[in-house]
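All the letters of the sequence shown, read from the start, carry residue numbers 59 to 208 under this note's numbering.
Beta carbons are placed, not taken as given, at the ideal position from N, Cα and C, and that holds for glycine.
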Amino acid sequence: MKKGQIRQEIKSQVDVQKIPLNQIEELATLRDREGLRCVFEVSIKEMNDDWVLLNVVPQIHAGASTARLSVSGVSEQLPVRQKVIPVYSQQFTVKLLAGEVAVIGRHESAAWNLGRLFFQPDTGSSASESLLMIRMAGVDKLRGQSDTSF
Numbered sequence: 059m060k061k062g063q064i065r066q067e068i069k070s071q072v073d074v075q076k077i078p079l080n081q082i083e084e085l086a087t088l089r090d091r092e093g094l095r096c097v098f099e100v101s102i103k104e105m106n107d108d109w110v111l112l113n114v115v116p117q118i119h120a121g122a123s124t125a126r127l128s129v130s131g132v133s134e135q136l137p138v139r140q141k142v143i144p145v146y147s148q149q150f151t152v153k154l155l156a157g158e159v160a161v162i163g164r165h166e167s168a169a170w171n172l173g174r175l176f177f178q179p180d181t182g183s184s185a186s187e188s189l190l191m192i193r194m195a196g197v198d199k200l201r202g203q204s205d206t207s208f
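Below, the structure is given as structure tokens:
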């Protein structure tokens, strides 16, 4: 596992005709529902040689892909992407030791919520429920030497 951020799409092209998005608090005011996708952004922080801390933020990507301003560090970029709606109220952290696995899914619920939107199986006889599994294989070691001959 590498340091930094990873985005993992859980569900793409959500059929908004079948889902009552107005019942999901975070999406009730969303106007452009075209191309709705469910994504997790996972930030990885190395804590020591044996374990890492993952910060997981659910995101909704929606709307047409257009050039949108992004600020990364001190630079500005105009990548072509959809509108990204991070749902910070549902973020969580997980500590993983080498060899451990985090399994992310949903609890059964009659009410519509983000977990149900992200993981509920599509209807039909071949429907299957989605899960996100993250395995911490190990912490990469950076080895090098300093060169003071400048």
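Distance between beta carbons of residue j and residue i, contact taken as under 8 Å
{"i": "Ser101", "j": "Asn113", "result": "4 Å"}
{"i": "Ile244", "j": "Asn171", "result": "For residue 244 there is no data in the structure shown, the boundaries of the chain being 59 and 208."}
{"i": "Phe176", "j": "Lys69", "result": "6 Å"}
{"i": "Gln140", "j": "Ala169", "result": "Their Cβ separation, rounded to whole angstroms, is 26 Å, which puts Gln140 and Ala169 out of contact at 8 Å."}
Beta-carbon contacts of residue i that lie in its chain and below 6 Å, excluding the five residues immediately before and after
{"i": "Val152", "result": "Leu112, Ala160"}
{"i": "Val117", "result": "A small fix is needed here, since residue 117 is Gln in this sequence, not Val. For Gln117, where only same-chain residues beyond five positions count, the Cβ hits under 6 Å are Val97, Glu99, Val142, Pro144."}
{"i": "Glu158", "result": "Met194"}
{"i": "Ile162", "result": "Leu190"}
Beta-bridge pairing of residue i - partner residues as DSSP gives them
{"i": "Arg65", "result": "Glu99"}
{"i": "Gln117", "result": "Val97, Pro144"}
{"i": "Phe177", "result": "Note: Phe177 sits in no beta bridge, so no partner."}
{"i": "Glu187", "result": "BP columns for Glu187 are empty, so no partner."}
{"i": "Glu104", "result": "Val110"}
Cβ-based neighbour list, residue i, same chain, cut-off 8 Å, excluding 5 preceding and 5 following
{"i": "Ala156", "result": "Asp108, Trp109, Met194, Ala195, Gly196, Val197"}
{"i": "Val74", "result": "Arg91, Leu94"}
{"i": "His165", "result": "Gly173"}
{"i": "Gln71", "result": "Gly93, Leu94, Arg95"}
C-beta neighbour in chain C for residue i, strict 8 Å
{"i": "Met194", "result": "Among the chains in the structure shown there is no chain C, since it carries only a single protein chain."}
Own chain partners of residue i with C-beta closer than 7 Å, once the 5 adjacent residues on each side are dropped
{"i": "Tyr146", "result": "Val115"}
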